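J.:
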Amino acid sequence: MSPLSVLRVALRALVRNKMRAGLTTLGVVIGVGAVVAMVAIGEGAKAQVQKAFESMGTDLIVVLPGSQNFGGMQGGFGSGQTLTWDDLHAIQTELSAVRAAAPQLRTNTPVLGDGNNWGTQVMGTTADFFVVRNWALQFGRPLQASDVDGATKVAVLGQSVAEQLWGEPARAVGDVLRIKGVPYEVIGVLTPKGQSPMGMDYDDVVLVPAKTFMTKVQGGIKQNIPGSILVAAKNGRESARTAQQVQALLRDRHKLVDGDPDDFSIRNLAEMANAQQQGTQTLTMLLMAIAAVSLLVGGIGIMNIMLVSVTERTREIGVRMAVGARPVDVLLQFLVESLTLSVIGGAIGVGVGVGGAWLLTAKFGWPTVVRPDVIAIAVGFSALIGVGFGLYPARRAAALDPIQALRYE
Amino acid sequence: MGDPALLAVDNVSKTYLTGDVPVRALIGVSLEVRPGELLAVMGSSGSGKSTLMNLLGCLDRPSEGRYLIDGRDVSRLSRAELAVVRNRLIGFVFQSFQLLPRTSAVENVELPLLYRPLLAGERRRRALQALARVGLAERAGHHPNQLSGGQQQRVAIARALVGEPKVVLADEPTGNLDSVTSVEVMALLQQLVADGITVVLVTHEHDIAAFASRVITVKDGRVVTDVRQTPVPAVPHPTVAVAGTLHATGVP
Ligand SMILES: Nc1ncnc2c1ncn2[C@@H]1O[C@H](COP(=O)(O)OP(=O)(O)OP(=O)(O)O)[C@@H](O)[C@H]1O
Ligand SMILES: [Mg+2]
């Protein structure tokens with residue numbers, strides 16, 4: 230029997246029972262639709278996390294003062310100001326794996342500009358910050374060494390702050406920003422970076438020279454850094470090695486002996502990103518498993534209907550065998566029928582899944598990514614189900630004795 | 049007995065082992081059917097006629113003995129090989145027509161050709177030709193439930209001859225038909241014989257057997273009589289259809 234006639238016979242058999250075929254494929258439709266939609270959601274979440282970390286920079290290491298592991302006991306973040314300006318200098322100059330490093334002194338405070346008021350994060354840092362974060366300006370200029378050394382009252386605004394206060398970010402440059410009553414000249418506006426992995430707005434920030442921060446905003450000049458150090462690795466894939474170098478250097482400088490806990494802690498963003506991704510991976514796998522189960526149920530539905538179909542058409546099978554259908558012809562006929570059923574279900578399921586993902590994005594703003602390979606896998610899998618679950622009924626049909634089949638009532 | 053046998057059944061037995069007691073449906077049957085014969089198989093119910101037909105039609109294999117078609121031993125062939133033999137050499141006509149429901153006449157007739165390497169157009173052409181041979185060309189698109197019993201059996205005969213078989217086997221082809229349509233069907237079978245196809249049919253009716261050129265009787269799994277006769281020509285007309293006894297001499 231030619232493949233085309235086999236397909237035609239299968240299609241005719243299905244068309245004859247449209248309702249039944251439709252209901253049978255529903256299981257596969259839902260299964261495949263679920264797989265495609267679930268994976269789209271999982272991939273969307275993953276992509277979002279990835280994008281967020283990328284905009285932050287996966288080559289980054291944050292060095293925090295105090296032992297964060299015992300944070301609860303020691304009074305939490307920044308309790309002991311154990312990082313010194315000399316530590317920072319050593320990290321910048323002595324470590325081969327380090328590209329750049331900058332301090333981050335932070336406080337949340339309202340700022341005033343163009344007659345408007347906005348609560349934001351003010352950060353004291355150095356010119357290196359722009360290198361570390363790989364952060365360019367859209368207007369004006371960045372902080373320079375002279376600003377930091379001279380403790381000048383200048384500020385670089387994040388996109389969100391400039392927008393909130395001036396409406397039009399470009400207008401902010403050259404104007405005056407007041408922090409705690411002190412006027413600063415706005416020298417630049419950063420390019421937008423978007424959201425952090427935890428949903429924080431990176432662009433809601435005002436950068437001022439570290440020295441100015443300590444004298445005018447908070448703290449006073451000290452040997453210790455009242456904040457954290459942000460370190461960028463030379464090579465994005467070597468953040469772990471960089472973290473080890475920084476740890477060894479600081480332990481040495483702080484004269485810690487073996488057995489002493491670190492009096493600082495290091496956060497490796499690449500590792501955090503990995504952990505996050507693993508989390509979404511697990512989620513994706515879980516969703517896939519659920520979807521796979523529904524596919525399985527769809528497969529069983531197909532098997533059930535094929536068994537019914539074989540029984541119903543016992544006489545037809547007998548006639549076909551009498552006129553010369555070999556067992557393999559009968560086998561193929563039913564196999565192709567269940568395959569057609571499941572592949573059509575799979576194709577509709579892909580449509581449903583992609584449509585569902587699109588709807589989630591359009592209506593609820595969920596990030597979704599529809600991967601073509603997932604579609605291919607889903608359709609392939611439904612084909613596999615068609616063959617797998619169709620095989621038993623098809624073999625039963627092929628094993629029928631023509632004489633008995635012709636007599637079947 | 050000049051011609052070599054087309055069908056040669058050689059000391060064949062068939063025993064069914066389905067129940068507690070083995071049923072010996074055929075016991076040492078030997079039978080030769082020559083090309084061009086119209087053989088009627090008679091016998092009481094349960095005598096083994098259908099069993100014999102199933103063996104002749106390669107739907108089943110003998111428990112013992114040999115069966116040769118055209119000199120080729122087919123008694124030990126696999127299921128798939130038997131299917132090919134059926135497809136190439138044998139046409140079937142059944143008492144209950146056995147047409148596929150909700151399938152047009154021409155598609156029913158095409159069925160045997162589906163299992164041959166033919167193009168769809170060629171299949172259709174041959175099927176229409178076969179339908180024309182049984183006088184149903186204009187009913188090609190009709191479904192079985194739109195046809196009378198006689199017409200359905202004619203479609204079935206078209207299906208049996210579409211593959212140009214050597215032999216057509218008909219197990220009580222007139223069993224479900226009235227006497228008038230029975231004669232029509234017998235006329236068609238006689239026409240097949242005239243066209244060179246050998247026909248074996250099972251019947252309970254002597255009227256029908258009268259149209260055959262040879263009649264055998266089966267009793268308890270054995271062939272008990274084997275008679276050659278001049279067949280009564282089946283004229284598809286009510287008044288003539290009554291005629292015929294077992295040994296009736298044919299109208300010239
Ligand atoms: N598949 C089977 N399993 C067991 N016994 C069978 C089977 N088929 C037929 N028989 C038995 O074999 C014997 C012959 O049956 P067969 O059908 O050949 O008779 P028949 O001459 O065709 O009868 P009828 O005129 O009623 O059609 C019967 O006793 C029947 O019960
Ligand atoms: Mg019978």
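As you go down the protein sequences, you meet chains A and B in turn. First residue of the first sequence? That's 230 in our numbering, and the numbers climb one at a time after it. First residue of the second sequence? That's 49 in our numbering, and the numbers climb one at a time after it. By construction, the Cβ of each residue, glycine as well, lies at the ideal position given by its N, Cα and C atoms. Nothing here was measured: the structure is a model prediction, and the numbers come from that model.
Taking 8 Å as the cut-off, does the segment 156–169 of chain B touch the segment 99–119 of chain B (at least 3 CB pairs, one atom from each stretch)?
T.: Too few Cβ pairs lie closer than 8 Å, so no.
J.: Asn135 (chain B) by DSSP, collapsed to three states: which one?
T.: Note: Asn135 (chain B) maps to helix in three-state DSSP.
J.: Using DSSP with H/G/I as helix, E/B as strand and the rest coil, what is Leu167 (chain B)?
T.: Here Leu167 (chain B) sits in coil by DSSP.
J.: Give the straight-line distance between the Cα atoms of Glu566 (chain A) and Ala185 (chain B), rounded to the nearest whole angstrom.
T.: Roughly 31 Å between the two C-alpha positions.
J.: Quick check on DSSP: helix, strand or coil for Glu232 (chain B)?
T.: Helix, per DSSP.
J.: Could you check whether the Cβ of Lys97 (chain B) sits closer than 7 Å to any heavy atom belonging to ligand 1?
T.: True, at least one ligand heavy atom lies under 7 Å from that Cβ.
J.: Hey, would you say the C-beta of Val260 (chain A) is under 7 Å away from at least one heavy atom of ligand 1?
T.: Just to set this straight, residue 260 (chain A) is Gly in the shown sequence, not Val. Flag unset: Cβ of Gly260 (chain A) not near ligand 1.
J.: From the DSSP output, in three-state form, read off Asn346 (chain A) for me.
T.: Asn346 (chain A): strand per DSSP, three-state reduction.
J.: Can we say the segment 571–589 of chain A touches the segment 605–624 of chain A, given the rule of at least three CB pairs closer than 8 Å?
T.: Touching, per the Cβ criterion.
J.: How many angstroms separate the CA atom of Ser144 (chain B) from the CA atom of Gln238 (chain B)?
T.: Taking the straight line joining both Cα atoms gives about 20 Å.
J.: So is the beta-carbon of Thr246 (chain B) under 7 Å away from any non-hydrogen atom of ligand 1?
T.: No, the Cβ of Thr246 (chain B) stays beyond 7 Å of every heavy atom of ligand 1.
J.: I'd like to know if Tyr115 (chain B) contacts chain A, where contact means its C-beta is closer than 8 Å to some C-beta of that chain.
T.: Not one chain A Cβ lies under 8 Å of Tyr115 (chain B).
J.: Cβ-heavy atom distance between Thr63 (chain B) and ligand 1 below 7 Å?
T.: No, the beta carbon of Thr63 (chain B) sits no closer than 7 Å to any heavy atom of ligand 1.
J.: Exposed or buried, Tyr115 (chain B), counting other C-beta atoms within 10 Å across all chains shown (16 or more means buried)?
T.: Answer is buried; the Cβ neighbour count reaches 16.
J.: Would you identify the three-state DSSP class for Gln367 (chain A), choosing helix, strand or coil?
T.: Three-state DSSP puts Gln367 (chain A) in a strand.
J.: Who are the neighbours of Leu159 (chain B) on chain A, taking C-beta pairs under 8 Å?
T.: Those are Val548, Arg549, Val552, listed as they occur along chain A.
J.: Looking only at DSSP bridge pairs, what is Asn224 (chain B) linked to?
T.: Asn224 (chain B) is not bridged to any residue.
J.: Please confirm if Val522 (chain A) has its CB atom under 8 Å from at least one CB of chain B.
T.: Output row for Val522 (chain A): interface = no.
J.: Within 8 Å (strictly less), CB to CB, does Pro232 (chain A) reach chain B?
T.: By this cut-off, Pro232 (chain A) is not an interface position.
J.: Go ahead and label Arg593 (chain A) buried or exposed: buried means 16 or more other beta carbons lie within 10 angstroms of its beta carbon, across all protein chains shown.
T.: Note that residue 593 (chain A) corresponds to Phe in the displayed sequence, not to Arg. Exposed.
J.: Looking at Val89 (chain B): is its Cβ nearer than 8 Å to the Cβ of Val266 (chain B)?
T.: Contact flag set, yes.
J.: With a threshold of 8 Å between beta-carbons, can Ile259 (chain A) be considered close to chain B, or not?
T.: So, not an interface residue.
J.: With 8 Å as the threshold, decide whether the Cβ of Gln277 (chain B) is near any Cβ in chain A.
T.: Not an interface residue.
J.: Would the C-beta of Thr66 (chain B) count as close to ligand 1, meaning under 7 Å from any of its heavy atoms?
T.: Yes; taking the cut-off as 7 Å, the Cβ of Thr66 (chain B) has a heavy atom of ligand 1 nearer than that.
J.: Consider the C-beta atom of Asp630 (chain A) and the heavy atoms of ligand 2; say whether any pair is separated by less than 7 Å.
T.: No - ligand 2 has no heavy atom lying nearer than 7 Å to the Cβ of Asp630 (chain A).
J.: Between the C-alpha atoms of Gly530 (chain A) and Ile205 (chain B), what's the straight-line distance to the nearest angstrom?
T.: The alpha-carbon atoms of Gly530 (chain A) and Ile205 (chain B) are separated by roughly 39 Å.
J.: Strictly under 8 Å for the Cβ-Cβ distance: is Gln146 (chain B) near chain A by that measure?
T.: For Gln146 (chain B), the answer is yes, since a Cβ of chain A falls inside 8 Å of its Cβ.
J.: Would Asp108 (chain B) pass as an interface residue toward chain A - the criterion being a Cβ-Cβ separation below 8 Å?
T.: It does; some Cβ of chain A falls within 8 Å.
J.: Where do the ends of the alpha helix (DSSP H) carrying Thr99 (chain B) lie?
T.: Here the alpha helix (DSSP H) through Thr99 (chain B) covers 97–104.
J.: Of all Cβ atoms in chain A, is any one closer than 8 Å to the Cβ of Ser61 (chain B)?
T.: Not an interface residue.
J.: What is the rounded straight-line gap between the Cα of Gln201 (chain B) and the Cα of Ala188 (chain B)?
T.: So the two alpha carbons sit approximately 14 Å from each other.
J.: Ligand 2 and Asp219 (chain B): does any heavy atom of the ligand fall closer than 7 Å to the residue's C-beta?
T.: Asp219 (chain B): yes, Cβ under 7 Å from ligand 2.
J.: What are the residues that DSSP puts in a beta bridge with Asp267 (chain B)?
T.: For clarity, residue 267 (chain B) is Lys in the given sequence; the question names Asp instead. According to DSSP, Lys267 (chain B) bridges with B:Arg270.
J.: For Ser571 (chain A), which of A:Ile534, A:Asp602, A:Ile614, A:Arg549 has the nearest alpha-carbon?
T.: Measuring from the Cα of Ser571 (chain A), the nearest candidate turns out to be A:Ile614.
J.: Alpha carbons only, please: which of A:Val603, A:Leu419, A:Asp602, A:Glu414 is nearest the one belonging to Thr441 (chain A)?
T.: For Thr441 (chain A), the nearest C-alpha among the options comes from A:Glu414.
J.: If the criterion is Cβ atoms closer than 8 Å, does the pair Gln506 (chain A) and Gln333 (chain A) meet it?
T.: No.
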